[in-house]
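If you're matching positions, the sequence shown starts at 0 in numbering that gives the first Met the number 0 and goes up one per residue.
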Amino acid sequence: MTPYRDYIVKLKSEVIENYSVEEKIWQGATSTVYKCINKYGKGKHGSIVAIKVLHPYRKDPLQIKMFIREGRIQQKLSHENIVRTFSVGKTEDFYFILMEYIRGSNLKVFSQNGIPPFRQLLEMFRDLAYTLSYMHGRKILHNDIKPENIMFDQAAKSLKLTDFGYASTFQKWFNRKFPAGGTEKYMAPERKTGISDTRSDIYSFGMVLDEFLPQNERDEIISSIIHKAIQREPHKRYASFSEMISDMKYYFYNKP
Ligand SMILES: Nc1ncnc2c1ncn2[C@@H]1O[C@H](COP(=O)(O)OP(=O)(O)OP(=O)(O)O)[C@@H](O)[C@H]1O
Ligand SMILES: [Mg+2]
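Next comes the structure, spelled out in structure tokens:
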């Protein structure tokens, strides 16, 4: 097992696809995200990228498998509201996911400095609903929608979905080879029994809306959208994001 300090020293001296570590953005339980810079000028992805590194002492084959899977799934998705993944790879010492660097912060941090006006917020969430509809159209579930996994891109003034660590294709989830994971508060109740489908993502998304759209500014349309999304029983929820989007559009139609 490599002591953590040694690993950081090693990482700092390492050049990954021409990028070298500039600063740590965030440290998690299984991985760390770094801001990296291309010291040789502009690389093919621009001069700054973000690199997520699996902690090298995480030698568990299942964890490695999940990490590579996460990168590959994210790499397959090409959407302006999904953090772009350029490559998934391995150096001598660790596995990494190389991504576009988002100037901004995740929604949890972002909201600590006050939230945008209701309508702007709702427009951003509507775009995110389209993004999830795109993903589901490609038969991919996110399975871990929560504020920490949604980034606010300051330059684009839009939300970008990230962290595909628990993502799965429609059929493959919960053959019990992968741990259930996720955060309790946003997790659809049925996921604990081993079932997960498009409606489970709708539940988590609904929980995020419920947290971020101030109660006192909601009209009946918005209240009923949230109410329907966070029903405990899946069959009472929206069946798809396109259904949910139609109702969201109805709000904008009524409030031009
Ligand atoms: N491409 C990026 N650009 C800028 N910041 C990022 C990027 N990717 C992630 N981050 C920051 O790092 C945080 C954690 O990233 P992520 O959610 O992918 O890790 P995680 O899978 O939750 O980590 P772990 O499972 O190890 O706890 C994000 O909330 C965000 O603040
Ligand atoms: Mg995360």
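Backbone N, C-alpha and C define an ideal beta-carbon position, used for all residues, glycine too.
Extent of the continuous beta strand (DSSP E) run through residue i
i: V108; result: Premise fails: V108 lies in the alpha helix (DSSP H), L106 to S110, not in any beta strand (DSSP E).
i: G136; result: G136 -> not in any beta strand (DSSP E); alpha helix (DSSP H) instead, spanning F117 to G136.
i: S19; result: Y18 to Q26
i: K191; result: Note, K191: premise wrong, no beta strand (DSSP E); not H, not E.
i: K159; result: S157 to L160
CB contact flag (residue i, residue j, <9 Å)
i: S30; j: K58; result: no
i: L131; j: D200; result: yes
i: F163; j: S157; result: no
i: P233; j: E189; result: yes
i: E99; j: F85; result: yes
i: I81; j: T161; result: yes
i: I24; j: A49; result: yes
i: S167; j: N142; result: yes
i: Y185; j: K159; result: no
DSSP three-state assignment for residue i, whether helix, strand or coil
i: Q73; result: helix
i: G40; result: coil
i: V207; result: helix
i: F152; result: For the record, residue 152 in the displayed sequence is Asp; it is not Phe. Note: D152 maps to strand in three-state DSSP.
i: E216; result: helix
i: A49; result: strand
i: F93; result: coil
i: M243; result: helix
i: F169; result: coil
i: Y202; result: helix
i: K145; result: coil
i: Y237; result: coil
i: S30; result: strand
i: R175; result: A caution first: R175 carries a pLDDT of 47, below 50, which makes its placement in the model unreliable, though a value can still be read off. Reduced to three states, the DSSP call for R175 is coil.
i: E79; result: coil
Around ligand 2, what residues have a beta-carbon under 6 Å from a heavy atom of it, in chain order?
E147, N148 and D162
Touch check for the segment 117–134 and the segment 231–243: three-plus C-beta pairs under 8 Å?
yes
Are the segment 33–46 and the segment 107–115 touching, with three or more C-beta to C-beta distances below 8 Å?
no
Per the contact definition of three or more C-beta pairs closer than 8 Å, is the segment 200–216 in contact with the segment 112–122?
yes
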